[in-house]
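Trainee: Start counting at 1 in the sequence shown, then tack on 30, and there's your number in my numbering.
Pasting a structure here, questions to come.
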Amino acid sequence: MAILDSEYWAEFYKGGFFGFGEEGNFKYFSFWHFLPIILLIAAIILTYIFREKIKEWKYEKTFRLVLGILMMLVEMGYYWRLIYAGPGNTEQHNLLSKLPFQVCEWTCIFAMIMVFTENKHLFDIDVFVCLTLGIFPLFIPAVIKTTGPTYFRYYQFWGEHTLPIYSVFYMMFIKGYKFNWKTVYKPIIFLSVLTVFALILNSQIPDGTYLYLRGDALGPEISKLLTDNQFIRLPIYAAIVAIIFGIEILVFYLIRKYRGKNKTIENEETKEIEKEAQ
């Protein structure tokens, strides 16, 4: 029966909202590219401005529950779509190439659990990964180059990549979680374990591109600069991760130093005012 044929469903969804799209459907640096980024920044700013009110809001816990459910839906939505439409085209239906062993998928899962349970360990992982590696897909969303705003994949992608970032800032502003460079070993362990699985899967699955260690999922322009050998790409990626983790640590250090300096100045001014009042 055609209705039970996976190729039938792949053809059915190919041209629809849940389909694969067509080359060039999504335009880099267009309105539809920047809109999700602008909404993310606006949400972060508004959360910071109204942080005191949100802390006292009686529905704060409910809001976190809704936020976690949204992340669960966008993450599961990716696989629900693949079950019917296939991995990316009608000739290749190997869903083993789409197992959840990518960084963005696990940061979304961690963020979901984090807002549900207020788990500080998961925050320590996501605050490093989301604010470094998680930023790159926002500006180079190569995996949705065929699916613009008329396709489900567009909304699923942006939900999966923006909600975890927002969740990290939410836990910082509302729950008072702080960045701590001493916890950098947690994301390193996470990435190391994920890398081991990725290397094994890429070696066993012909079209495996986990962690972008093979293939041109990052985009042909970037992939041309890299070899397709995953064992050569790995140290290159490791060096990049080390650099951006170092930059993040430096940025947070400078922010804290600036805040500490301002706080010291304010305390001194307060003491002088009190002396004059006496």
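C-beta: ideal position from N, C-alpha, C; glycine also.
Taking DSSP as the reference, what is the three-state secondary structure of G107?
Mentor: helix
Trainee: Select from D237, I235, S222 and I285 the residue whose C-alpha is nearest the C-alpha of L264.
Mentor: S222
Trainee: Would you report the Cα separation of F182 and G189, rounded to the nearest angstrom?
Mentor: Each residue's Cα considered, the two are about 11 Å apart.
Trainee: Kindly list the residues whose CB is nearer than 7 Å to the CB of I155, restricted to its own chain and excluding five residues on each side of it in sequence; keep chain order.
Mentor: F140, K216, P217 and F220
Trainee: Which of the three DSSP states, helix, strand or coil, is assigned to E82?
Mentor: Three-state result, E82: helix.
Trainee: If you check the beta carbons only, do V145 and G98 fall under 8 Å apart?
Mentor: yes
Trainee: Classify G189 as helix, strand or coil using the three-state DSSP reduction.
Mentor: helix
Trainee: Taking only the alpha-carbon atoms, compute the straight-line gap between H123 and Y109 and give it to the nearest angstrom.
Mentor: Bear in mind that the predicted position of H123 carries a pLDDT of just 49, short of 50, making it unreliable; the figure below should be weighed with that in mind. Each residue's Cα considered, the two are about 13 Å apart.
Trainee: Hey, could you find the ends of the alpha helix (DSSP H) Y215 is sitting in?
Mentor: For Y215, the enclosing alpha helix (DSSP H) stretches over residues Y215 to Q234.
Trainee: With the cut-off set at 8 Å, would you say F158 and E278 are in Cβ contact?
Mentor: yes
Trainee: Round the Cβ separation of V133 and L241 to the nearest angstrom and send it over; I've been treating them as touching at under 8 Å.
Mentor: 7 Å
Trainee: For the alpha helix (DSSP H) containing K150, name the first residue and the last one.
Mentor: The continuous alpha helix (DSSP H) containing K150 extends over residues K150 to V159.
Trainee: With C-beta atoms as the reference, is W136 less than 8 Å away from L70?
Mentor: Not a contact, by the Cβ cut-off of 8 Å.
Trainee: From K128 to T239, what distance separates their C-alpha atoms?
Mentor: The straight-line gap from Cα to Cα measures roughly 9 Å.
Trainee: Is it a yes or a no for the stretch 192-209 touching the stretch 71-91, going by three-plus beta-carbon pairs under 8 Å?
Mentor: Flag = yes, the stretch 192-209 and the stretch 71-91 touch.
Trainee: Is the distance from the Cβ of Y114 to the Cβ of F50 below 8 Å?
Mentor: no
Trainee: Take the Cβ of G206 as the centre, count every other Cβ of all protein chains shown within 10 Å, and call the residue buried at 16 or more, exposed below.
Mentor: exposed
Trainee: In terms of residues, what are the limits of the alpha helix (DSSP H) holding P167?
Mentor: F166 to F169
Trainee: Please confirm whether F282 and R81 have their CB atoms less than 8 Å apart.
Mentor: no
Trainee: Nearest-angstrom Cα distance between K208 and Y200?
Mentor: Their backbone Cα atoms lie some 11 Å apart in a straight line.
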